[in-house]
Amino acid sequence: MALVNVKPTRIDTAIADEIADDTNSGIERTAQSLTWAADEHVLLALAAAGWLYTHLRQPQQRPIANHVLAVSLATAFLPHVLKSVFDQIRPDRLTLRGHGHGVPISGQARDSFPSGHAVHMGALASAAGLLPKTPRRLVRMVAVGVSLTRIAVLAHWSSDVVAGFALGAAVERLMRPWTLAKSRGGKDKWRVSP
Numbered sequence: 061m062a063l064v065n066v067k068p069t070r071i072d073t074a075i076a077d078e079i080a081d082d083t084n085s086g087i088e089r090t091a092q093s094l095t096w097a098a099d100e101h102v103l104l105a106l107a108a109a110g111w112l113y114t115h116l117r118q119p120q121q122r123p124i125a126n127h128v129l130a131v132s133l134a135t136a137f138l139p140h141v142l143k144s145v146f147d148q149i150r151p152d153r154l155t156l157r158g159h160g161h162g163v164p165i166s167g168q169a170r171d172s173f174p175s176g177h178a179v180h181m182g183a184l185a186s187a188a189g190l191l192p193k194t195p196r197r198l199v200r201m202v203a204v205g206v207s208l209t210r211i212a213v214l215a216h217w218s219s220d221v222v223a224g225f226a227l228g229a230a231v232e233r234l235m236r237p238w239t240l241a242k243s244r245g246g247k248d249k250w251r252v253s254p
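The sequence shown stops at residue 254 when you use this note's numbering, and every number in between is there.
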């Protein structure tokens, strides 16, 4: 049983109603496919594969690989803990017309806050700060876009996604002093070179 009941804001409700009215099954299938890019299982597998590759082939990038794997593990665990504390019904459980337009049913009905997918994407967007300018911008655009798919499929309220994204970014930044500390020599020694 959750300790805190979270209610959607008026803005959350207005955005969800607009999506339910104006979407179609093609948009929903596309958004649902794209949202898999932020699934914790996919991201953990990619982080583990990247960690293994880096440790075998690019030893100079090991600190960053360690950081990304640690952040991925933390952001996979944290949403589950928070969803046990916070109770909020998903917008897809409150719309009939949206289902008629192709909105799918997602996850546990009362696990809307925060968006776990957005937590992962916020951490990824923040970690992109370790990359050179062009890939950093690309990663951040993808992270924001994938997070928005959670709103498009009515799996989460807009505030769930914003809160999750901010939380993920905060977790990544808070972990840097511990996961990158040994490699720091200078301020940005651990940053990937352009």
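For glycine and all other residues, C-beta sits at the position ideal for the given N, C-alpha and C. Computed from a predicted structure; not experimentally measured.
Residue range of the unbroken alpha helix (DSSP H) whose run includes residue i
| i | result |
| --- | --- |
| ILE87 | 85 to 95 |
| ARG117 | 100 to 117 |
| VAL213 | Per DSSP, VAL213 belongs to no alpha helix (DSSP H) and is neither H nor E. |
| ASP152 | Taken as a continuous stretch (DSSP letters only), ASP152 belongs to no alpha helix (DSSP H), as it is neither H nor E. |
| THR73 | 70 to 82 |
| GLY189 | Neither: GLY189 is in no alpha helix (DSSP H) and is coded neither H nor E. |
Rounded Cβ spacing between residue i and residue j (contact assumed at less than 8 Å)
| i | j | result |
| --- | --- | --- |
| THR209 | THR95 | 4 Å |
| ALA107 | LEU129 | 5 Å |
| PHE225 | MET181 | 6 Å |
| SER227 | PRO174 | Note on residue identity: the sequence assigns Leu, not Ser, to residue 227. With a Cβ gap of about 6 Å, LEU227 and PRO174 count as contacting. |
| LYS236 | HIS127 | Reading off the sequence shown, one finds Arg at residue 236, where the question assumed Lys. Going by Cβ atoms, the distance from ARG236 to HIS127 rounds to 7 Å, so yes, they are a contact pair. |
| ARG196 | ALA188 | 5 Å |
Close beta carbons around residue i, own chain, < 6 Å, minus the five adjacent residues each side
| i | result |
| --- | --- |
| ALA136 | GLU100, LEU104 |
| PRO68 | TRP217 |
Beta-bridge pairing of residue i - partner residues as DSSP gives them
| i | result |
| --- | --- |
| VAL64 | PHE146 |
| ASP220 | Paired residues: none, contrary to the question. |
Beta-carbon proximity list for residue i, same chain, < 7 Å, skipping 5 on both sides
| i | result |
| --- | --- |
| LYS143 | ASP171 |
| TYR113 | none |
| ILE71 | SER218 |
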